[in-house]
Every structure is written in structure tokens, then in C-alpha cells.
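Enquirer: I have a structure I would like to understand better, so I am pasting it below and will then ask my questions one at a time.
Residue numbers (the numbering used here): 495 to 757.
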């Protein structure tokens, strides 16, 4: 006779399996609840910060686009009448000062006109190396020239020369055709040569100064040049160089005593 309990081990253990599923369901629900609570907490915090940030931004924009103009209008409305009168008086002062300035300008213009020679004179601009030859207010000729290089030369015995064109009001002291250049000491030092005696033949150089020369005092000349391609550049030792045609016009126009304005 077959034992009714002989196959009991082959049957599944139902109660144990059901308990495991139930436990898993409980754990899952707890996890879901915790996640839900965390999400709700984070969402509340985020909402709070968004609200605060939005409020701050709103206040800032209100102040910039509405509050400041309102305050400005209010401040202007509070300005007393006495201050408004002061502003009007200040504008009158400006007009008075403007009139005074115009009078000073006219005064200076009259002074300039009175100092403008009626005869021919020469104006030399050492900044852009240009010249204007005028007669009264009439322009006779203009062009380029060369003026001092502002370089420094120093000898072995500590003598120094700065090659600059003197500025100010000069006059024509002398006029010469076919001038001969008597080379000064610095000309030999610059070339690295020994300095000869004062009247040594090596000091006299022909043709270097062009066909004409006009003296403006202190050894400075208005003369021609062999290096006309350099005109317009500050390359001289202090004299004023012109091209052949300009030099001839200046020589024929200016007289002894004519003014030369150098600036």
C-alpha cells in the first residue's frame, strides 16, 4: 500500500514563497514612499528659491525702469525757485564769458594783423618741414624744406652740438650768390677727421650750398642742397634747405631786413 506522504518533498512550499513576495512588496512600498517624500521636499525647496529669486529680480527691474525715473522727477520737483534762478543766472554768465572770449579772439587777431609785415616775409614750420613765402597776406609760394635733425654730436673732448633750427622771429642779415661753405669743427668731427686750423683750405667747400644763401644770423643759413630727395625731412645741422627753384624765389623776393618766422 502506497504511503500518502511519500511524495511530500516534491511539493512546493507555498507559505514560504508567499511571505517573501509580501516582504518585497512592503520594502518596495517603503522605498517608493521615501522617494516620493524626498521629491516633494526638493520640489518645495525649489519652488521657494524660484519664488525668492523671481521676487528679487522683479524688485530690481522695477527700481531700474520705474523707480529711478519717478525719484528723479520727484527730486526735480523739490528744487526751490531760488536754485532755478541760479541756473538762469549761470547761463547768463556763460553768455557773458562767451562774449568776452570772442572779444579776446578779435583782439588777438588785430594784434596778429598789426604784426604781419606788409612786405615779403618767410614762414618756416619745423614740425612738418614746410615753408610759406608771403607778401602781406598774399601767398607767393609754398613748398617743402628741411630743418634741423635734433641729433646730438659729442667730441672726444666732451664738446657737444645739437643740430636744431632756431625758432622765433629772425631777419635776413645777408644774401650771397654761389656761396662757399666754411666747414665748422663739428663737420670734421662728424666725419671722424682731425680738426684743421681755422683758415685751412680743407674747410672751404664749393657747390654744397647751392646757387644762393641767405643768412639769418648766428651762422644759420637758408640755402640749397645736393640731396634734394631728402627735402621734407629733418636732416640738417640747423640750416634751412630748399630746392633750387624755391631757393631762387625766396632769394629774389626777400630783402635785407625781411622777417623770417620759424616755429
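Ideal placement from N, C-alpha and C gives every residue a C-beta, glycine not left out.
1. With DSSP as the reference, please indicate the residues paired to residue 669 in a beta bridge.
2. Between the alpha carbons of residue 549 and residue 536, how many angstroms are there, rounded?
3. Does the Cβ-Cβ distance between residue 610 and residue 661 come in under 8 angstroms?
4. From residue 646 to residue 652, what distance separates their C-alpha atoms?
5. By the DSSP assignment, the alpha helix (DSSP H) with residue 742 in it spans what residues?
6. Going straight from the alpha carbon of residue 668 to that of residue 724, what length do you get?
7. Is residue 740 near the ligand SAM, judged by its Cβ being under 7 angstroms from some heavy atom?
8. Could you tell me whether the stretch 683–690 touches the stretch 711–724, where touching means 3 or more Cβ pairs closer than 8 angstroms?
9. Going by beta carbon distance, what residues of the same chain come within less than 6 angstroms of residue 523, once the five residues before and after it are set aside?
10. Have a look at residue 636 and residue 586 and give me their C-alpha separation to the nearest angstrom.
11. Report yes if the CB atom of residue 640 is closer than 8 angstroms to the CB atom of residue 702, and no otherwise.
12. List the DSSP bridge partners of residue 623.
13. Within the continuous beta strand (DSSP E) that includes residue 657, where are the two ends?
14. Secondary structure at residue 546, three-state DSSP: helix, strand or coil?
15. Using only CA atoms, which one of 670, 694, 726 lies nearest to residue 742?
16. Considering only the beta carbon of each residue, do residue 657 and residue 642 sit closer than 8 angstroms?
17. For residue 704, which residues from the same chain have a beta carbon less than 7 angstroms from its beta carbon, with the 5 sequence-adjacent residues on both sides left out?
18. Kindly give me the distance between the Cβ atoms of residue 744 and residue 627, rounded to whole angstroms, as I take these residues to be in contact under 8 angstroms.
19. So, with DSSP's three-state summary, where would you put residue 685?
20. Is residue 614 helix, strand or coil when you go by DSSP?
21. Does the beta-carbon distance from residue 666 to residue 748 come in below 8 angstroms?
22. Let me confirm a value: residue 664 is counted as buried when at least 16 other C-beta atoms fall within 10 Å, else exposed. Which label applies?
23. Please name the residue in 540, 699, 752 whose C-alpha comes closest to that of residue 630.
24. Quickly, what does DSSP pair residue 716 with across the bridge? List them, please.
Expert: On the basis of the supplied data:
1. DSSP, once it has assigned bridges, lists 708 as partnering residue 669.
2. Taking the straight line joining both Cα atoms gives about 20 angstroms.
3. No, the pair does not count as a contact, with Cβ atoms beyond the cut-off.
4. Cα atoms of residue 646 and residue 652: separation of roughly 12 angstroms, rounded to the nearest angstrom.
5. For residue 742, the enclosing alpha helix (DSSP H) begins and ends at 738–747.
6. Using only the alpha carbons, I get a separation of about 26 angstroms.
7. As far as ligands go, the structure on display features none, and thus does not contain the ligand SAM.
8. The count of Cβ pairs closer than 8 angstroms, one atom from the stretch 683–690 and one from the stretch 711–724, stays below three, leaving the stretches out of contact.
9. Excluding residues within five positions, none has a Cβ falling inside 6 angstroms.
10. Going from the Cα of residue 636 to the Cα of residue 586 covers about 45 angstroms.
11. Their beta carbons are not under 8 angstroms apart, which means residue 640 does not touch residue 702 by this criterion.
12. Looking at the DSSP assignment, residue 623 forms no beta bridge with any residue, so it has no partner.
13. DSSP places residue 657 outside any beta strand (DSSP E), giving it a letter other than H or E.
14. Of the three classes helix, strand and coil, the one that applies to residue 546 here is helix, per DSSP.
15. The closest CA to that of residue 742, considering only 670, 694, 726, is found on 670.
16. In contact: residue 657 and residue 642 (Cβ atoms closer than 8 angstroms).
17. 717, 718, 719, 738, 741, listed in sequence order.
18. Residue 744 to residue 627, Cβ: 6 angstroms. Contact.
19. Residue 685 sits in coil when the DSSP states are folded into three classes, being neither helix nor strand.
20. Annotated three-state conformation of residue 614 is strand, per DSSP.
21. The answer is yes: Cβ separation under 8 angstroms.
22. So residue 664 ends up on the buried side.
23. The alpha carbon of residue 630 has as its nearest neighbour, out of 540, 699, 752, the alpha carbon of 752.
24. Partner(s): 708, 734.
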